[in-house]
Every structure is written in structure tokens, then in C-alpha cells.
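The numbering used here puts the first residue of the sequence shown at 79, with every later residue one more than the last.
Just so it is clear, CB atoms sit at the ideal spot from N, CA and C, and this is done for glycine as well.
As the structure is a prediction and not an experimental result, all values here were calculated from the model.
The structure under discussion appears below in the form of C-alpha cells.
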Amino acid sequence: MKSALNGDESERERNLKHAKVHLNRAGYDVFEILSSNLGLKITKSIEKYSSEIISRVFPAYYTEYQPKLFNIQGRLIEIRNAKNVDENWDPGSFEAFEKIKDEILEIYQLIYRYIPLLEKERKRSLLKLICNNAIVIITTLIIGIVVGWVIYKMGWGG
79 MKSALNGDES
89 ERERNLKHAK
99 VHLNRAGYDV
109 FEILSSNLGL
119 KITKSIEKYS
129 SEIISRVFPA
139 YYTEYQPKLF
149 NIQGRLIEIR
159 NAKNVDENWD
169 PGSFEAFEKI
179 KDEILEIYQL
189 IYRYIPLLEK
199 ERKRSLLKLI
209 CNNAIVIITT
219 LIIGIVVGWV
229 IYKMGWGG
């Protein structure tokens with residue numbers, strides 16, 4: 079707006095260069111925020127499951143997708159460190175960020191398809207743990223009752 083309203087050509091050109099710097103920064107920010115948020119959603123969605131459950135239900139997560147996520151994080155850091163918002167620089171179409179965003183989105187969608195299976199396995203493991211502990215408690219209780227009864231019948235209980 080400043081450029082359009084200002085009659086001085088040198089001032090107009092300076093304002094346009096400032097606007098370009100702001101647009102470059104905004105482009106970086108959008109992709110960084112989107113990539114970071116998707117990465118966090120992936121981490122939060124998978125962290126509530128034990129590594130044992132993940133390995134059993136979705137073994138490719140550790141062998142294929144987690145290494146991809148680490149690689150993507152490294153590439154994001156490189157892009158951030160090399161970013162240039164100088165008025166003379168043209169970021170083009172932000173192709174590197176676009177590619178990373180697409181990769182993260184693909185991983186995000188894949189992992190979310192596994193969530194119902196992971197949840198089912200988590201509940202099954204929890205039920206199994208409860209059953210195993212219940213068996214131990216009931217067995218201990220029965221043994222205690224039998225031992226108490228034997229002691230009572232033998233007259234050792236006083």
C-alpha cells in the first residue's frame with residue numbers, strides 16, 4: 079500500500095523490497111509451522127503406545143518411518159539455517175518445504191491408519207496384564223486359605 083500510494087519512485091521501490099522480505103518470511107513461517115505441527119501430532123499420537131506394541135503391530139514405524147522423520151527434521155534444520163529473507167533473494171515456490179510437508183503428511187496419514195490397531199493391541203495387552211495379575215492374586219488367596227485351614231485343622235493355630 080505504501081508503495082502504491084507514495085509518488086516517490088525510490089521510496090516506492092524501497093517499500094516493495096520490504097514487502098518482498100515480509101512475504102519471504104511469511105512463506106518460511108507457514109511451512110515451518112505446518113511441518114512442526116504435523117511432526118508433533120505424529121509424536122503425540124504414537125507416544126502413548128509401548129515400543130513392544132508398536133513393534134508388534136507396526137514394525138515399519140521403527141525401521142522405516144521413524145528414520146524418515148529424523149531425516150526430515152535434519153533437512154528442516156538445514157533449510158532454516160540456510161534461509162535467506164534478503165530482498166534480493168527469490169525463494170521460488172518454496173519447493174524444499176513443499177516436498178517435506180508432503181512427506182510428513184504422508185507419514186501422518188499412514189500412522190493414523192494404524193492408531194485403531196495400536197489401540198486395540200494396547201487394550202488387549204492391558205486386559206492380559208490384569209488377567210495375569212488376577213490369577214496371581216487369586217492363587218495366593220487360595221493358598222492362604224488352604225494353609226490357614228490346614229493350620230486350624232491340625233490345631234497349630236492355638
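Looking from the CA of residue 110, the closest CA among 157, 201 and 200 belongs to 157. For the pair residue 188 and residue 131, the CB atoms are not nearer than the 8 Å cut-off. With at least 16 other beta carbons inside 10 angstroms of its own, residue 113 counts as buried. Burial of residue 192 is indicated by the presence of at least 16 other C-beta atoms within 10 angstroms of its C-beta. In this structure, residue 186 lies near residue 119, with their beta-carbon atoms less than 8 Å apart. Per the C-alpha coordinates, the member of 95, 230, 183 and 225 positioned closest to residue 143 is 183. For residue 107, the uninterrupted alpha helix (DSSP H) run begins and ends at 87 to 124, by DSSP. Annotation: residue 117 to residue 152 spans about 12 Å, alpha carbon to alpha carbon. Taking a C-beta distance under 8 Å as the contact criterion, residue 150 and residue 181 qualify as a contact pair. For residue 203, the enclosing alpha helix (DSSP H) has its first and last residue at 173 to 232. Note on geometry: alpha-carbon atoms of residue 129 and residue 146 lie some 18 Å from one another.
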